[in-house]
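What follows is a set of notes on a single structure, which appears directly below.
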Amino acid sequence: MQAKFPTESDDAAILPSPLQRLHHPLLHRYGVELWCKRDDLIHPAISGNKWRKLKYHLLHAKAQGKQHLLSFGGAYSNHIHALAAAGCQAGLRTTGIIRGESHAVSNSTLQDARRWGMDLVFVDRQSYRQRQDPEWLAQFAASDTLIVPEGGSSPLAIPGVAELVGEVPFSPDLWVLPCASGGTLAGLIAGKRQPEQILAIAVLKGGGFIADEVCRLHPAATSIPGWRIALDHHDGGYAKFSPALWLWVQDFSAQTGLPLEPIYSGKAMWGLFRELAAGRIAPGSKIIFIHTGGMQGLAGLKEQGRL
Ligand SMILES: *Cc1c(COP(=O)(O)O)cnc(C)c1O
1 MQAKFPTESD DAAILPSPLQ RLHHPLLHRY GVELWCKRDD LIHPAISGNK WRKLKYHLLH
61 AKAQGKQHLL SFGGAYSNHI HALAAAGCQA GLRTTGIIRG ESHAVSNSTL QDARRWGMDL
121 VFVDRQSYRQ RQDPEWLAQF AASDTLIVPE GGSSPLAIPG VAELVGEVPF SPDLWVLPCA
181 SGGTLAGLIA GKRQPEQILA IAVLKGGGFI ADEVCRLHPA ATSIPGWRIA LDHHDGGYAK
241 FSPALWLWVQ DFSAQTGLPL EPIYSGKAMW GLFRELAAGR IAPGSKIIFI HTGGMQGLAG
301 LKEQGRL
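In structure tokens form, the structure reads like this:
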């Protein structure tokens, strides 16, 4: 890839990302209207919310004269995949600290990352827990290194995500999105217009920490009303999903033409319809669902024989 930062001048980026109206019989039944903000289409390699979250990390790295990006993730991480692509495009060296033993992980996510020049360092789970310890990190980082937190969720992620609100030509009653580390939710809270509500679907079990994390990333969120995190649609936990969920997602994709995967976007869409069925969303609502991307993860699920 040529040396360029992923900003609006990035030729490969499609911005604003398309807004697609979705049609589904259940939407009539619940009396709501649904659009999808197709952030999955922003960039062929730097997917969805990771593009938004990385944008200001890369601009910051450039402004500070950094030459190297260091970050962390699991062997199928969308963030690691996006960071490798973004670094390659921007002419920055990248290192990914990967949780797990290397023999287990020659999957398509990491093959792409390697192809884009990322140095991969495999560490066991115990070492991985030290990833916030500056002394431990010193072995991988120098003065020209920008350390990007797991998932790309730092205060630098906020403005990039907030910008998506201004791309939408009307004000929805409700935004819906998947959440894990909370960085994308924090950015959306920062960007939303006052009366708009946000429903974040936690894709992991035990998501009670996420609200605190949102407020750490964007302290003003404590005094901004209108957002909530639904904790009971994790379907077993992070990266887990039942056959029923995956069937529902495939059926929904077939009916609407919207591609989804089961870890984030599909699970969140499923969660939205469970909220609708439970009567927790007001009839008449205009809803925008944010497709946060992550479609590269489907290849890994297929490799593992999980789909
Ligand atoms: C990383 C990721 C998320 C989670 O975003 P957070 O900011 O960590 O909450 C959601 N969707 C996709 C596709 C992702 O890759």
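Letter by letter, the sequence shown follows residues 1 to 307 of UniProt numbering. C-beta atoms are modelled at their ideal positions from N, C-alpha and C, and glycine is treated no differently.
Q89 sits buried, since 16 or more C-beta atoms from the chains shown fall within 10 Å of its C-beta.
Within 8 Å of the C-beta of I263 there is at least one heavy atom belonging to ligand 1. Put simply, of P259, S71, V249, G284 the residue whose alpha carbon is nearest the alpha carbon of R274 is V249. Under the DSSP definition of a beta bridge, R228 partners with L199. Exposure of K302 is indicated by the presence of fewer than 16 other C-beta atoms within 10 angstroms of its C-beta. Spatial neighbours of P283 in its own chain (CB-CB distance under 8 Å, excluding positions within 5 residues in sequence) are listed in chain order as Y30, G31, V32. Under the three-state reduction of DSSP, F209 is assigned to helix. The C-alpha of F252 lies about 9 Å from the C-alpha of W270.
Contact between the stretch 144 to 155 and the stretch 45 to 59 is present: three or more C-beta pairs spanning the two stretches fall below 8 Å.
Closest by C-alpha distance to L59, out of A200, A142, K267, G160, is G160.
As summarised for the stretch 8 to 77, the continuous beta strand (DSSP E) elements at least 3 residues long and confined to that stretch are 19 to 22, 33 to 37, 68 to 73, given in chain order. With a cut-off of 8 Å on Cβ pairs, the stretch 111 to 131 is not in contact with the stretch 157 to 172, counting fewer than three such pairs. With 16 or more other CB atoms across the displayed protein chains lying within 10 angstroms of its CB, A180 is buried. In the three-state DSSP reduction, R193 falls in the coil class, being neither helix nor strand. Taking C-beta atoms under 8 Å as the contact rule, G300 and T109 qualify, at a distance of about 6 Å. In terms of side-chain proximity, the C-beta atom of G183 is found nearer than 8 Å to a non-hydrogen atom of ligand 1. Apart from the 5 residues on each side of it in sequence, A268 sits with its Cβ closer than 6 Å to the Cβ of P178, I201 in its chain, given in chain order. Boundaries around G96 are those of the beta strand (DSSP E), 93 to 99, since no alpha helix (DSSP H) includes it. A direct Cα-to-Cα measurement between I147 and G266 gives close to 30 Å. Taking non-hydrogen atoms of ligand 1 into account, the C-beta of H234 is found less than 8 Å away from none of them. Cβ-Cβ distances below 6 Å link G100 to A75 in the same chain, with the five nearest sequence neighbours on each side left out; the list follows chain order. Here the alpha carbon of F170 sits roughly 45 Å from the alpha carbon of A142. Following the DSSP letters along the chain, one finds K302 inside the alpha helix (DSSP H) bounded by residues 297 to 303. Here G166 is exposed: its Cβ has fewer than 16 other Cβ atoms, across all protein chains shown, within 10 Å. For D251, the enclosing alpha helix (DSSP H) starts and ends at 243 to 256.
When the alpha-carbon of S106 is set against those of H291, S77, C215, A85, the nearest one is in S77. Checking the 8 Å criterion, the Cβ of V176 is out of range of every heavy atom belonging to ligand 1.
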